[in-house]
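Per my numbering, residue 62 is the first one in the sequence shown, and the count goes up by one each step. For each residue, glycine too, the CB sits at the ideal point set by N, CA and C.
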Amino acid sequence: MHWLLIAVVAIMIALERSKAGILWAVAIFFLSGLLGLLALDTNLCSGDVALMPLLSGLFGISVLLPSVFSKSGLPKQQVKDKPLELRSNFRPLCAGTAAGILTGVIPGIGPSQGTVLAQLVTRSKGAKEFLVAVSGVNTSKALFSFVALYAIGRPRSGAAVAVGQIMEVGLRELVFLIGVALFAGGIAAVLQLQLGKLAAKHIGRMPYRATCIAVMVSIIGLTIWYSGLIGLPILATATAIGLLPATTGIKRTHCMGVIMLPCILYFAGLKDAVISVLGL
């Protein structure tokens with residue numbers, strides 16, 4: 062497992078192509094990974110509540126903060142009634158579905174990394190193909206996280222964790238869960254065709270800067286609620302690391318080192334040794 066995760070990390074870093082981008086990608090991966098080790102595997106903070114400040118800083122406040130200071134807003138949305146053609150989007154759809162299976166079973170790999178790998182395989186470009194691929198990744202992962210819970214007893218999503226705490230998942234329960242997920246997904250797809258257009262037409266009226274500030278205040282409040290005051294320095298450090306990808310012009314997916322590096326060390330049997338060497 063650790064060799065597979067290392068291969069994924071190597072591919073993601075190599076996609077930066079430039080020497081400066083690769084160096085920054087390596088630095089950000091290890092910085093976020095060391096922060097993950099510190100927060101998840103030491104007595105600094107309980108591991109089950111540390112993910113809130115970690116992920117909120119790396120992928121939440123660090124994204125919202127530049128928007129607040131740059132006074133950017135939401136662009137006017139163009140609503141088109143023409144549906145997507147299945148034939149022209151078949152490759153990104155299949156690749157996204159396959160990547161979703163990968164992320165639904167293998168720990169440490171998120172939907173964004175799965176989408177990048179899917180685009181690499183299909184050589185797809187553009188916003189439309191990206192959205193098709195990432196939708197395939199998320200939908201497929203949602204289903205196969207239940208398969209992982211049944212096959213290896215390891216939940217790979219929040220929903221799977223909740224289900225695993227409620228019941229023991231056997232074959233009958235797995236078929237039932239997948240059936241419910243497909244039924245709910247079908248209803249959601251029909252509703253989205255109407256509600257999505259309505260939201261796109263009116264979302265420009267939203268006070269974007271005020272909304273960003275409100276979300277950041279909410280994140281800080283929830284961090285204190287779940288993690289206590291020790292969560293604030295973790296959140297601040299994660300935010301500082303999360304600002305680096307946009308500043309250096311590389312992909313934010315390298316911040317997933319916060320989970321991937323501890324996973325790699327765990328499966329390689331080196332986590333305790335590394336923590337001991339670092340004095341953590």
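Residue span of the alpha helix (DSSP H) that contains residue i, given as start and end
{"i": "I280", "result": "Y269 to S288"}
{"i": "M321", "result": "G318 to F328"}
{"i": "T200", "result": "A188 to A212"}
{"i": "S131", "result": "S123 to S131"}
Rounded straight-line distance, which links the Cα of residue j to that of residue i
{"i": "G161", "j": "C316", "result": "19 Å"}
{"i": "T200", "j": "T158", "result": "8 Å"}
{"i": "L283", "j": "I248", "result": "31 Å"}
{"i": "V198", "j": "D333", "result": "33 Å"}
{"i": "N150", "j": "G292", "result": "43 Å"}
{"i": "L305", "j": "W85", "result": "9 Å"}
{"i": "I264", "j": "F244", "result": "28 Å"}
{"i": "T164", "j": "V70", "result": "13 Å"}
{"i": "S173", "j": "L290", "result": "30 Å"}
{"i": "N367", "j": "L98", "result": "Here the chain has residues from 62 to 341 only, and residue 367 is not among them."}
{"i": "L339", "j": "I311", "result": "28 Å"}
Closest Cα partner of residue i within the set the options
{"i": "V224", "options": "G82, L322 and L238", "result": "L238"}
{"i": "Q138", "options": "K312, L259 and F328", "result": "L259"}
{"i": "T314", "options": "A245, V276, T176 and L293", "result": "T176"}
{"i": "T300", "options": "L154, S117 and I83", "result": "S117"}
{"i": "L232", "options": "D109, S133 and Y211", "result": "Y211"}
{"i": "V193", "options": "G165, G214 and L145", "result": "L145"}
{"i": "I285", "options": "L95, I89, D142 and M113", "result": "M113"}
{"i": "T298", "options": "A111, A221 and W85", "result": "A111"}
{"i": "P143", "options": "L254, V276, G330 and M321", "result": "In the sequence under discussion, the amino acid at residue 143 is Lys, which differs from the Pro named in the question. Comparing Cα-Cα distances from K143 to each of L254, V276, G330 and M321, the minimum goes to L254."}
CB contact flag (residue i, residue j, <8 Å)
{"i": "A203", "j": "S218", "result": "yes"}
{"i": "I67", "j": "I280", "result": "no"}
{"i": "S131", "j": "I302", "result": "no"}
{"i": "A250", "j": "P127", "result": "no"}
{"i": "L119", "j": "V319", "result": "yes"}
{"i": "A221", "j": "S206", "result": "yes"}
Would you call the stretch 68–81 and the stretch 265–276 touching, i.e. three or more CB-CB distances under 8 Å?
no
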